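Visitor: Below: one structure in structure tokens.
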Ligand SMILES: [Zn+2]
Ligand SMILES: [Zn+2]
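Residue numbers (the UniProt record's numbering): 1 to 189.
Quick look at the structure:
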């Protein structure tokens, strides 16, 4: 579990995002490559889009022992699910991020925000989480040219007739016809 300083302490070796570096033996130059599939942690995302919890995340990792710790270089492929910022239709896609992080053996060598190994174990989750959040689109779109919703009636314009529109009643004319109050009462429907 991460503590308040963001450092990693007392990892559970069975947790899905915890990886063992035991084979590297803390010998600088030792390297190990691995391909893992892990369930996405909960709550990775922003309001409009994110990674669905427990979705498969494909990881390609290279673990390299250096003097101060273990350098992890990797890429992650994962699904995204959200809604279009213009028309609110569901949006799904697959995304990929790269990351690199040095996990320190000792807190003495590390700065406050650096990650630490817990014995032979390291936790990939915070690195994955940070990498994903940086790449999320601020305004996900169902398609580049999504026309959004009709400002008058809220219909999704991509589903509407090409000439979709509304007759605009001139306010003065409406008043003459005694329609103004009636129109206001109609707003709920
Ligand atoms: Zn859209
Ligand atoms: Zn409309």
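Even for Gly, the Cβ is constructed at its ideal location relative to N, Cα and C.
Since the model is a prediction, treat every value here as computed from it, not as a measurement.
1. Specify the secondary structure class of residue 35 as computed by DSSP and reduced to three states.
2. Quick check on residue 12: does DSSP put it in helix, strand or coil?
3. For the pair the region 153-172 and the region 124-135, tell me if three or more CB-CB distances fall below 8 Å.
4. Which residues in the same chain have their Cβ closer than 7 Å to the Cβ of residue 40, if we skip the five residues on either side of it in sequence?
5. Taking the alpha-carbon of residue 191 as reference, which of 136, 110, 23, 69 has the nearest alpha-carbon?
6. Flag residue 43 as yes when its Cβ comes closer than 6 Å to any non-hydrogen atom of ligand 2, and as no otherwise.
7. State yes or no: is the C-beta of residue 142 within less than 7 Å of the C-beta of residue 89?
8. Which one of 64, 95, 105 has the shortest CA to CA distance from residue 29?
9. Taking any heavy atom of ligand 1 as the mark, which residues have a C-beta closer than 7 Å to it, listed down the chain?
10. Between the alpha carbons of residue 10 and residue 145, how many angstroms are there, rounded?
Guide: In brief:
1. Numbered from its first residue, the chain shown carries residue 35 at position 35. Here residue 35 sits in strand by DSSP.
2. Locating residue 12 in the chain shown gives position 12, counting from the first residue. Reduced to three states, the DSSP call for residue 12 is coil.
3. no
4. Stepping through the chain shown from its first residue, residue 40 is reached at position 40. Answer for residue 40: 51, 52, 53, 54, 55, 57, 78, listed in chain order.
5. Given that the chain is displayed from residue 1 to residue 189, the structure contains no residue 191 and the question cannot be resolved.
6. For the purposes of this step, residue 43 is taken as the residue at position 43 of the chain shown. Every heavy atom of ligand 2 is 6 Å or more from the Cβ of residue 43, so no.
7. Locating residue 142 in the chain shown gives position 142, where the first residue counts as 1. Locating residue 89 in the chain shown gives position 89, where the first residue counts as 1. The answer is yes: Cβ separation under 7 Å.
8. Reading the chain shown from its first residue, position 29 is the one you call residue 29. Comparing Cα-Cα distances from residue 29 to each of 64, 95, 105, the minimum goes to 64.
9. 84, 86, 87, 89, 141, 142, 143, 146, 148, 158
10. Your numbering for residue 10 matches position 10 in the chain shown. Your numbering for residue 145 matches position 145 in the chain shown. If I take the Cα positions, the gap works out to 49 Å.
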